[in-house]
Structure formats: C-alpha cells, structure tokens
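Below: the structure, in structure tokens.
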Amino acid sequence: MRRSILSSLRAHVGRLVAACLAIVLGVGFGSLAMIVHSSASHGVDETIGAQYKGVDAVVYPDQATISPADIANVRKLPQAASVITLTTAYMEVSYPDLVRPTTLPIDALYDTTHIAGPATSSGRLPTATNEIALPARAAAKHKVTVGQSLRISSYDDKSWNATVVGLIDDSKSVGTSSAVATPAAVKIFEPGAFVRGIAIAAKPGVTQQQLADAAGPVVSKGLETFTGAGFIEHEVKSYTNGIDVLGGVFGMFAVIALFVACLVISNTFTIVIAQRTREMALLRCVGASRRQVFSSVIAEASVVGVIASAIGVVFGVALSALGLALSREFDWGIPPLPLHLDPSSVFLPLLLGTVATLVAAVVPARRATKVAPLAALRPEAAPAAASKAGVLRLILGFLLLLGGGLLLAAGAVSHQVLVGVAGGAISFLGILAVGSLLVPALIRVIGALPARSGGVPARIAVANAVRNPKRTAATTSALLIGVTLISLTCVGIASVRKTFDVSMDGQYPVDLMVTTYKEKMPASAEQQLRDIKGITQVVPVSQVLVKSGGQEVQVTGIDPAKAGSVIHNPEAAAKLKPGTALLDRSTMIMLKLENGSPLTIVSGQHKLSVTAQQATGLDPITVSSSDLAKLAPTAPVTGFWLASDPKADGSDVIDAVDQSIPTVKDLSVTGGLAERTSYTKIFDVLLIVGVGLLGVSVLIALVGVGNTLSLSVLERTRENALLRAMGLSRRQLRRMLAVESLLMALVAAGLGIVLGLVYGWTGTSALMGGQTVDGGVEYAVPGTLLIIIAAVAAVAGLLASVLPARRAAKVAPAGALATE
Amino acid sequence: MSLQTGELAAGRLPQDGEPRTAIRAHELRKVYGQGDTAVAALDGVSVDFGVGQFTAIMGPSGSGKSTLMHCLAGLDTPTGGQVLLGETELTRLPDAELTKIRRDRVGFVFQSFNLLPMLTAKDNILLPLELGNRKPDQQWLDTLIDVLGLEDRLTHRPSELSGGQQQRVAVARALVGRPEVVFADEPTGNLDSRSGAEVLGFLRRSVREFGQTVVMVTHDPLAASYADRVVMLADGKLAGELRQPTPESVLDALRQLGA
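Next up, the structure:
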C-alpha cells in the first residue's frame, strides 16, 4: 500500500501543488502572526527587564501617594542594600525650533551601584544642578546637541537655563522617555516633585519575596509592594495588553485564512478523487479494503499537509524576519524587535496546518471508499455527473439562515453586540449550506447577459459553471468568506466613522479655535493662518468678558454670514443671528436659563438683550458680531475659528497652527480636530490592517478558483478537444474559461458585498446604537471601496483562469477522436 | 470489384468521367518520435476523395488509417506532404485558419458520440454553426431532424438519449452546416448492430440524396460495405482500393492484406 501511495503522490503532484499553495499561504500567515507577536512580547520583556535590572522590590503608589515618611521607613529596613526614590518633575522646555514651550518630564538621577539606571549614548550624565541630559530621540527631533543651553520653566512661571551635557540612550525603550537631572536640580525645579516609586535592592542572602514582605508593612496603606520580578511582569503587562489584543486579532484572521484554506483543500481532494475513481476501483479490484483506500487518501493528505505546512512555516519565518527588519527602517516610535522564535510559534502552525489538511481530506476520503470495484471494469463513466445537493443540508441551511437572520436583527435592534455576532455567524453558515442552490442560481442570473450576447463560448461557460453545483458552491464559498469579511470591515468602519463624524459635528462643531486671552492678535494673524496648508476657512472672532446675571462670562462675537463655513453643525449655525445668543449647557445652567429665555448682557454702559438658545461645542456665549458691537464697540479680534480640509493630515495641521503667530506667547488652540484626527488615524489603521489581513484569505480563495478550474479542465479534456474539433478557436476556449472563472468570482464578490453591507450595518447598529449622544447611527456605503473589491475580485478571477486556460488550449483537437 | 493494388499514382490528375475531388492527400507523411525511435504512421500516402462519394478507409490496427483521417481533417499536422481541401492547402495553415476550416468546411462523427453533456440535443446540433456565428438554414435543419427522427428528442440532454439517438444527433451536427466533407471515425463502434445500421444508412442517404461527401474510418467490413469505395491502408502505405464493396469482398481484401 505504501508504494501505491507514494507513486500516486508522485503521479498527481501537479494537481496537489495548488492545494499545497493554499496551505502554505494559510500556515505562513498564521506563523507570521504568531512570530511577530512573540517577538514583540519578548522584546518588551527584555527591554523592561533591562530597565529594572537589580531591583528586588518596588513600592508603588496605588490608592495613596508616597510620602517622605514612607521613604524614611524603607531606608531603615535591614534587608535593603540600596533604596532609591524614583522622582519626576513635570516641566516645560523651550526648544529652539518651537515658538512656544512644550512639556518635558525630568527624572532625578539616583545611586546606580545596585540598580540599573539611564545610560547615555553621547556626552555624560548631569553632575551639577544646571545640567540635564535629554532623551536622544527628542534631541534628534528638535535638533538639540550636547553643549547647548535650554530654557526650562515650571508651571508656576519660574525658569532656569540648563546645559545639555548628554543624550540618554532611549533606542530600546518603549514610549516617550524622560530627561534626567541631578536629584538636587529636580528638587529646585519642582520642590514637591512626584515620587513614581521606591526601588529597593536586597542585601546578599535576602530573597525578593522576603524583601517585599519586609517593605510592605512599613509603608502607608494604599501603596502597593511588588517583588522585582512581579513588578517587571506588571509593567510588561501594561504594554503587552495591547500586543495581546493585536495578537488575538491576528490569530483570528489567521484562523479565517486557515478555514478558507481548508475549504480549498477539501474541494481539491474531492475533485482529484473524483478523477481517480477508476484508480480507486482498481485498487479495490485487486483486493484493497475500504479501510485501506480510506487510509491511503488520508496518508496522502498527511504527507501533503506536513510538507506544505513546513514550507508555510519557513515562509512565515522569512516574512516575519523581513517585516521586523523593515520596521527598523521606519520610525514607528517602537524599539527595534529582534526575531524571536519560540517553539509554539513554529510548531503550532505546523500542527494546525497538518490537522486542517487531514480534516479537509476526511470527506473526500470517505467518498473514495464508496467507489465500487466494478467501476474499474466499466468503460469510461460519464465524468463526474452533476451532484445534487442534499435536501437535509438545504433545509438545515435555510433554518440556520432564518434563525441567524432573526438573531442578527435582534442584536441590531437591542444593541447587543454578542447576539449580533452570533446571528451573523449562524446566518453565514446558513448561506454556505444553501450555497449549492444559491450560487448556481445567481450564476444563471448574472450569466444570462453573456449567455445571450457572448455567443456559444459564453453559453457553454455558464452551463459549465453550474453543472456541478456542489463544486461551484465550494469554490465560491472560499472566496465568499473573504469578500464578505472585507466588505463587512469596510462597511462597518465607514459606518462607525460616519456615526462618529456626525456625533463629533454635534459635540465639537468647530475644527480649531485659536484664541489669546491676554495678548494682542497681530494684524497679520489671519493671513498667517490662511497660509497654513490644510486650513480652508478662517473666520475672526472677538471676545469680551462681561457680567450677566451677576456672573462674569466670556462673550464671543462672530459674523453670522461667515459662521456657517466653520461651524459644522448647520442647525447651530442657522440659529446664530442678531437677537439670539448661543449658550453652552453649563452656562445655561449657571444662568438658570432655558431655550427661548430672554437674556440681558451688560458691559459698562452698554446693554444687549437677546434670546438664549442652547448649542454644544461653541464658546460659553456666542452672539453675532453686530450684537457684540452693541456691547463692546471697540472689541479687538482675539481669535479665529478655523475649518480644515478633511483630507489633510490633522496632526500636521494642528502642529502648524500651534507653531503659527509666533508673536503671541500664550496661544490657546482647541477644537474638534485633535480628536477627529486621532480616531481618523485609528480607523485608517484598522481598515488597512483588516483589509490586508483578510486579503490573504481572498488570495487563498483565488488559488482555489484556479485550482478548481484547472482540475475541471483536466476532467473536460475530451469535451474541450471536441469543441476544438468543432471549430472553437484557442482564443474562444480561453475566453470560455475566463467567463466561467469571472462568473464565479463575480457571484462571490456580489454576494459577499451584499452580505458585507447587511452585516456591516447591523453590526454598526449593534455596536454603536446607544453609544452616541442622540442614539443615532449612520449607515455608510463606501461605494469606491466596494467597487474596488468587486473589480479586484473580477480581475483576480480572470487571472485565476489564465493557467488553466493555457493548459486547456493546448489540448489537441484530435484528442476528441482518440478512443479510450 | 477487384483489388487494384498500386493503381493510384502520385499526383494523378482526375480524368474525364471521374468525379471532382473534394479532398486530396499528396505524399502524406507522419512520423512520431525521433531518431531510432521514429515510427512512420503515414509513409507517403497519396489519395483523392471525390465529391459526393462515400469512401471508407480500412486497414488493420496500426495501419495509419486514423492518422490519415486526422491529417485530412486538419486535426493533426503531417510531417510532410500536402492535403488539399478543395483549393485550400491545409498543411501550412496556422491553427486559427485550421480552426475556421474545421468549423465551416468539415463535419465530424465520432465513435464515442462526443456530445456536450450540458447542452440539449438541439444545441449540440447547432453548435458548429453558432461557433461560426452562422444562421442555420431552417429548411435544411427541419429536413435533417425529420430524416433522423429526432423531433421528440430535441430538448433532451445527451444523458437522456440512447447510444443510437446520441449518434444520430452527432450525424445531424456533422451535416447541419453542409460541410464539404464529413469525417466519420468508427461511427458504429459503440453501437449495437441495429442502431449502427441506421446510422450508416443515414450517412449513405446523405451522400445519395444530398450529394454529401463522406470519409469514414472503420474496421468493420459490414460498415465498409455501405461505402461507394474502400481505400485499404497497411503499414502507413496505400494497399489498394475497392469499388462498390460488399462485406465479402472487403473481407477478402483484408485477408489478402493480412497474408
């Protein structure tokens, strides 16, 4: 039997290559995910471990802050070899390339005989109170070099000049790092500097646990005491939580990719076995038992599975190494990660890939055992007669579809995400189960046009595409899963984003509000702002402080004709007209007003009577500029409201506005743009990551389409030869296969996009409903993206037909005459 | 009615009273393999097939009769020599031209019927016309369907037809485009004797009544006896011919070849 299996593998190696490709991609992707995850976790472990080297116990502020008494008590511990306090002063620094100061945390240096401390990459550590060392990355960003003097100021407006004597090596640290100064300097900068923790090194012979046990009781309640190892674990967790979530997402996508690969493999084996019916029957004829036939197929599958999975793991390792090397080239604010291979990230994908292949081969193998020995003696049986879908399966499918649909609707209406996800998954299983009915029907519908106008080749292509409903359904299922998930991701993200946008427009209707309270706006300020790339509208505003109802409030005046261009809430913008004041909620409450209440504002001898209306996200009281003129005829321009181009990079725009109008030292920049930018970035990254990851499963599915086609081509050699003998040109034959492939791809894409819309919308409703201020959810149709998805699927479908079509076109027309 | 070995000399012009030539092979050679392993399936065969004639090609297994037909029909490319279909020299045509010729100027009937399983009988019949975007001649189509007795079977798929019915559909498909030559490769090989006789009768009728040219490869003397002329082939060479054959005369001739 073994010889027969091996020779069969050799004989059919070509047919199995495509199946292997699906496994290689799935496993490669899975091991990539696992290796990157383990490398990242390992890297963080190493970095944080190095940072706290020599620390045997840590006292950490939790419910309470660390007091001088706590420090004194710890110092008295006989088990402690060294006790250091980790102190940080939060200062502002004036970098020469910035017009206004920015925040800089400064850590105090400490005794590093027992416990690791910061190291410099150039220069030296500070020794005098007028010296500091800057983190190397920040220094590089702001072009500060060793020897330069920087102005350091505290929040209570004291300032010092400090010389940069060295740069701290932060190439391996995670996140932004602090500058360092001597403890004396930190004390001067901020006498009540924040104590981040007490780190203790143990005397020889004292364990970390003994030290922590000793330190715990002597410090105030509400402080947490860790052993050194425990603290490192705690710190690592705070970083790796994110990595683990990401790893989970990666893992999920890898499982999807593997599932799709499973479908492709199963389909391939089914076809290969259908074509080898005679061979199987011959085995039975010469005395092989059903069991032996079954195990020969399974043995074949396991060889294929192991080899392909091994190639996949190698592929994944290579890809990870490449990815990690590339990540070093880009400045992503993360330390360089060395490739770290742990056994699980190599063997788990290998095992999963092999098991997936075996599982996928079970059904085809069972089918192989059902071949009657007599089949070997019969003349050429009609090649793979059209299979009929099982009635039971269809009924089950419709039940799943119905039940899942109801659950999905319930989840969407009641805003229960889990119910919605369960409903989505169940209904999708239903769709897959009825695929053998649904997909051929859709192919007939879509195929009606080419069948009518495309001549015989197109008609035959449509007929070919639906002649084996199960095979067609299985082939398209693989693609359907990928396309559905991608469309779902696109639609979901677009809808959530639109919901956010609408909600943001309500809460923060103005992109950017630039104001100075104490200083004079220069005349050129408006032009300076207009010159910033990404700023589309600049409307000046004037602000005065007035008394109203005994309270002092700020009143802002803006030209109502121009206000609409910077206020993204048309309702609020429309209300702003002479005679009306827009008040924010807290001002309404403070002044005990309701919508429509009369409001009188007094400023010196001037008096203004208006009607109060509530509006969110504007200044405390916003009136038309003509009303403000009545109140303060000489009010100067104190600020501007800006609108930005939604396509521009928000953080660049904010940075540019922050750095504008250098003559004003105290410039306040607020507005919705910062928040909008941060979530836009998150959504963009999510979209790219999601689509990229799911793209792998689409790739696998397309391999499957090509695979099915090429196996069908083998099966239809005689038919194709006959068509050639009848006068079908090579081009027509290639076109015939292209149409068949295109039909399958388009049906999968179309169905996938429709399902993606349904799932995306219901998912958004389940996820976002009840989260927004007014409970409203926006449903978006990312038209361009969906069209791109369909186009990519169509083009890929055509590409998938290229190789099978080439092979088909090689068939000699005389082949039709040859007798078997 | 007698065996006239070697009478057909190369390049012989048709003489008065002989029918016009529908297809002609001249010094046709087909070699498979190279060097020591080369085998000549056809070794300089020259033969003419007259318009409106039913010719059978016979010979023992391996005599090259199928190769000859493949080369005549433009399904295979000979190693040397020429094939003339009417005025067209087939041997030097590129694949696209050959495809067109197969589509528009010749018809085929195969041993194993070779109908497309997903098309109905009618669609199978019309296939060659539709491949060439030609409109069927409705009257001719009706005549064929009537003569072949296929009225009730037109909407059936091949799997719902008996072997004889399938082969009658195949005959209709071969004739529907009024090709210059119909090639039949063992058309009765997979049929019982009654269905076989029916199909051969149709082929002969198409020659007598409609002036169709038919070239048939067979090893069955009874089938060959339906032809007007039998061409004998042995070891890739022409081994004689027979006019107005009977099963007995064919059998005799075959025996002589074997001897």
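Top to bottom, those sequences are chains A and B.
The numbering of the first sequence is UniProt numbering, which starts it at 1 and goes up by one.
The numbering of the second sequence is UniProt numbering, which starts it at 1 and goes up by one.
Note that the Cβ used here is the ideal one computed from N, Cα and C, for glycine as well.
Everything numeric in this text was worked out from a predicted model, so none of it was measured.
Q: From the DSSP output, read off the bridge partner residues of methionine 91 (chain A).
A: As a working note, residue 91 (chain A) is residue 91 in the first sequence. For methionine 91 (chain A), which the question treats as bridged, DSSP gives the partners A:Leu104.
Q.
DSSP three-state label for leucine 3 (chain B), please.
A. Residue numbering aside, residue 3 (chain B) sits at position 3 when the second sequence is read from its first letter. Unreliable positioning characterises leucine 3 (chain B) in this predicted model, as indicated by a pLDDT of 41, which lies under 50. The coordinate reading is nonetheless provided below. The answer is coil: DSSP assigns leucine 3 (chain B) none of H, G, I, E or B.
Q.
Mapping the DSSP letters down to three states, classify glutamine 209 (chain A) as helix, strand or coil.
A. Translated into the one-based positions of the first sequence, residue 209 (chain A) becomes position 209. Glutamine 209 (chain A) falls in the helix class under three-state DSSP.
Q) Between phenylalanine 202 (chain B) and the rest of its own chain, which residues show a CB-CB distance below 8 angstroms, the 5 nearest in sequence each way excluded? A) The residue you call residue 202 (chain B) lines up with position 202 of the second sequence. Val147, Leu148, Arg168 and Val171, listed in sequence order.
Q: Kindly identify the DSSP beta-bridge partner or partners of leucine 728 (chain A).
A: The residue labelled residue 728 (chain A) in the question sits at position 728 within the first sequence. According to DSSP, which records beta bridges pairwise, leucine 728 (chain A) is partnered with nothing at all.
Q: Please state if the CB of leucine 223 (chain A) and the CB of isoleucine 66 (chain A) are separated by a distance shorter than 8 angstroms.
A: Translated into the one-based positions of the first sequence, residue 66 (chain A) becomes position 66. Translated into the one-based positions of the first sequence, residue 223 (chain A) becomes position 223. In this structure, leucine 223 (chain A) lies closer than 8 angstroms to isoleucine 66 (chain A) by Cβ.
Q. Are proline 804 (chain A) and valine 713 (chain A) close, meaning C-beta to C-beta below 8 angstroms?
A. Residue numbering aside, residue 804 (chain A) sits at position 804 when the first sequence is read from its first letter. Residue numbering aside, residue 713 (chain A) sits at position 713 when the first sequence is read from its first letter. Yes; because the gap between Cβ atoms is below 8 angstroms, this pair is in contact.
**Q.** Near-chain A residues of the region 69-101 of chain B - C-beta to any C-beta below 9 angstroms
**A.** Met69, His70, Ala73, Gly74, Leu75, Asp76, Asp95, Ala96, Leu98, Thr99, Lys100 and Ile101
(Q) DSSP has threonine 611 (chain A) in a bridge; who is on the other side? (A) Taking the first sequence and counting its residues from 1, the one referred to as residue 611 (chain A) is at position 611. Looking at the DSSP assignment, threonine 611 (chain A) forms a beta bridge with A:Thr580 and A:Pro598.
Q. Closest by CA to leucine 406 (chain A), which one among A:Val421, A:Arg393, A:Ile395 and A:Leu394?
A. Numbered from its first residue, the first sequence carries residue 406 (chain A) at position 406. Cα-wise, what sits closest to leucine 406 (chain A) is A:Val421.
Q: Assign glycine 617 (chain A) to one of three DSSP states: helix, strand, or coil.
A: Counted from its first residue, the first sequence places residue 617 (chain A) at position 617. Coil, per DSSP.
Q) Would you say the region 87-94 of chain B touches the region 428-441 of chain A, given that touching needs at least three Cβ pairs under 8 angstroms? A) no
(Q) Less than 6 angstroms between C-beta atoms, sequence neighbours within five positions excluded: which residues of the same chain meet that for asparagine 464 (chain A)? (A) Here residue 464 (chain A) refers to the residue found at position 464 when the first sequence is read from its first residue. Answer for asparagine 464 (chain A): Glu740, listed in chain order.
Q) In terms of DSSP beta bridges, what is arginine 29 (chain B) paired with? A) For the purposes of this step, residue 29 (chain B) is taken as residue 29 along the second sequence, with counting starting at 1. Arginine 29 (chain B) is bridged to B:Asp43 and B:Gly80.
Q: Kindly indicate which three-state DSSP category alanine 384 (chain A) falls into: helix, strand or coil?
A: The count along the first sequence starts at 1 and reaches residue 384 (chain A) at position 384. Here alanine 384 (chain A) scores only 44 on pLDDT, less than 50, and its place in the model is too uncertain to base an answer on.
Q) Any beta-carbon of chain A closer than 8 angstroms to the one on proline 247 (chain B)? A) In the second sequence, residue 247 (chain B) corresponds to position 247, counting from 1. For proline 247 (chain B), the answer is no, since every Cβ of chain A falls outside 8 angstroms of its Cβ.
(Q) Can you check whether the C-beta of proline 440 (chain A) is within less than 8 angstroms of a C-beta belonging to chain B? (A) Translated into positions along the first sequence, residue 440 (chain A) becomes position 440. No, because no Cβ of chain B sits closer than 8 angstroms to the Cβ of proline 440 (chain A).
Q. Distance, Cα to Cα, threonine 472 (chain A) vs glutamine 111 (chain B)?
A. Residue numbering aside, residue 472 (chain A) sits at position 472 when the first sequence is read from its first letter. Residue numbering aside, residue 111 (chain B) sits at position 111 when the second sequence is read from its first letter. About 31 angstroms.
Q: Alpha carbon to alpha carbon, how far is aspartate 156 (chain A) from lysine 533 (chain A)? Give it in angstroms, no decimals.
A: Residue mapping note: residue 533 (chain A) aligns to position 533 of the first sequence, counting from 1. Residue mapping note: residue 156 (chain A) aligns to position 156 of the first sequence, counting from 1. In a straight line, the C-alpha of lysine 533 (chain A) is about 35 angstroms away from that of aspartate 156 (chain A).
Q: Please list the partners that proline 128 (chain B) has in chain A, where partner means a Cβ-to-Cβ separation under 8 angstroms.
A: Here residue 128 (chain B) corresponds to residue number 128 of the second sequence, with the count starting at 1. Near proline 128 (chain B) (Cβ distances below 8 angstroms), the residues of chain A are Met726 and Gly727.
Q | Exposure of methionine 216 (chain B), with buried meaning 16 or more beta-carbon neighbours within 10 Å | A | Along the second sequence, one-based indexing puts residue 216 (chain B) at 216. The residue in question, methionine 216 (chain B), is buried, as its Cβ has 16 or more Cβ neighbours within 10 Å.
**Q.** For valine 83 (chain B) and alanine 10 (chain B), the rounded distance between their alpha carbons
**A.** For the purposes of this step, residue 10 (chain B) is taken as residue 10 along the second sequence, with counting starting at 1. For the purposes of this step, residue 83 (chain B) is taken as residue 83 along the second sequence, with counting starting at 1. At alanine 10 (chain B), the pLDDT of 37 sits below 50, so the modelled position is not reliable and the matter cannot be decided from this model.
Q | Simplified DSSP state of threonine 143 (chain B), which is helix, strand or coil | A | For this step, residue 143 (chain B) is matched to residue 143 along the second sequence. Collapsing the DSSP output to three states places threonine 143 (chain B) in a helix.
Q. Cα-Cα, which of A:Phe398, A:Lys221, A:Val539 and A:Glu519 is closest to glutamine 527 (chain A)?
A. Against the first sequence, residue 527 (chain A) aligns to sequence position 527. Looking at the Cα atoms, A:Val539 is the closest of the given residues.
Q | Beta-carbon contacts of arginine 157 (chain B) that lie in its chain and below 7 angstroms, excluding the five residues immediately before and after | A | Position 157 of the second sequence, counted from the start, is the residue given in the question as residue 157 (chain B). Excluding residues within five positions, the ones whose Cβ falls inside 7 angstroms are Pro117 and Thr120.
**Q.** Status (buried if at least 16 other CB within 10 Å, exposed otherwise) for glycine 411 (chain A)
**A.** Working through the first sequence from its first residue, we reach residue 411 (chain A) at position 411. Buried: at least 16 other Cβ atoms inside 10 Å.
Q: From the DSSP output, read off the bridge partner residues of glutamine 537 (chain A).
A: To locate residue 537 (chain A), count along the first sequence from 1; it is residue 537. According to DSSP, glutamine 537 (chain A) bridges with A:Ala643.
Q: Please go through the same chain and pick out, in chain order, the residues whose beta-carbon is closer than 7 angstroms to the beta-carbon of valine 293 (chain A), but skip the five residues on each side of it.
A: Here residue 293 (chain A) corresponds to residue number 293 of the first sequence, with the count starting at 1. Cβ neighbours of valine 293 (chain A) beyond the five flanking positions: Met280, Leu283, Arg284, Ala368 and Thr369.
**Q.** Cross-strand partners of leucine 75 (chain B) (DSSP beta bridge)
**A.** Residue mapping note: residue 75 (chain B) aligns to position 75 of the second sequence, counting from 1. Paired residue(s): none; leucine 75 (chain B) is not in a bridge.
Q. Under 8 angstroms, do methionine 504 (chain A) and glycine 769 (chain A) count as touching if we go by C-beta distance?
A. The residue you call residue 504 (chain A) lines up with position 504 of the first sequence. The residue you call residue 769 (chain A) lines up with position 769 of the first sequence. Taking 8 angstroms as the Cβ cut-off, methionine 504 (chain A) and glycine 769 (chain A) do not qualify as a contacting pair.
Q) Looking at the structure shown, is arginine 459 (chain A) part of a helix, part of a strand, or coil, going by DSSP? A) In the first sequence, the residue the question calls residue 459 (chain A) occupies position 459. Here arginine 459 (chain A) carries a helix assignment [DSSP, helix/strand/coil].
Q.
Once DSSP output is grouped into helix, strand and coil, what is the label at aspartate 48 (chain B)?
A. For the purposes of this step, residue 48 (chain B) is identified with residue 48 of the second sequence, where counting begins at 1. Here aspartate 48 (chain B) sits in strand by DSSP.
**Q.** CA nearest to the CA of isoleucine 621 (chain A), picked from A:Leu593, A:Thr556 and A:Val602
**A.** Working through the first sequence from its first residue, we reach residue 621 (chain A) at position 621. It is A:Thr556.
Q | Backbone secondary structure at tyrosine 60 (chain A) - three-state DSSP | A | The residue labelled residue 60 (chain A) in the question sits at position 60 within the first sequence. If DSSP states are grouped into helix, strand and coil, tyrosine 60 (chain A) belongs with the strands.
Q: Examine chain B for any beta-carbon lying closer than 8 angstroms to the beta-carbon of asparagine 464 (chain A), and answer yes or no.
A: Mapped onto the first sequence, residue 464 (chain A) falls at position 464. For asparagine 464 (chain A), the answer is yes, since a Cβ of chain B falls inside 8 angstroms of its Cβ.
Q.
In this structure, how does DSSP classify glutamine 551 (chain A) when only helix, strand and coil are distinguished?
A. What you label residue 551 (chain A) is simply residue 551 of the first sequence in a count that begins at 1. In this structure, DSSP gives glutamine 551 (chain A) an extended state, which the three-state scheme calls strand.
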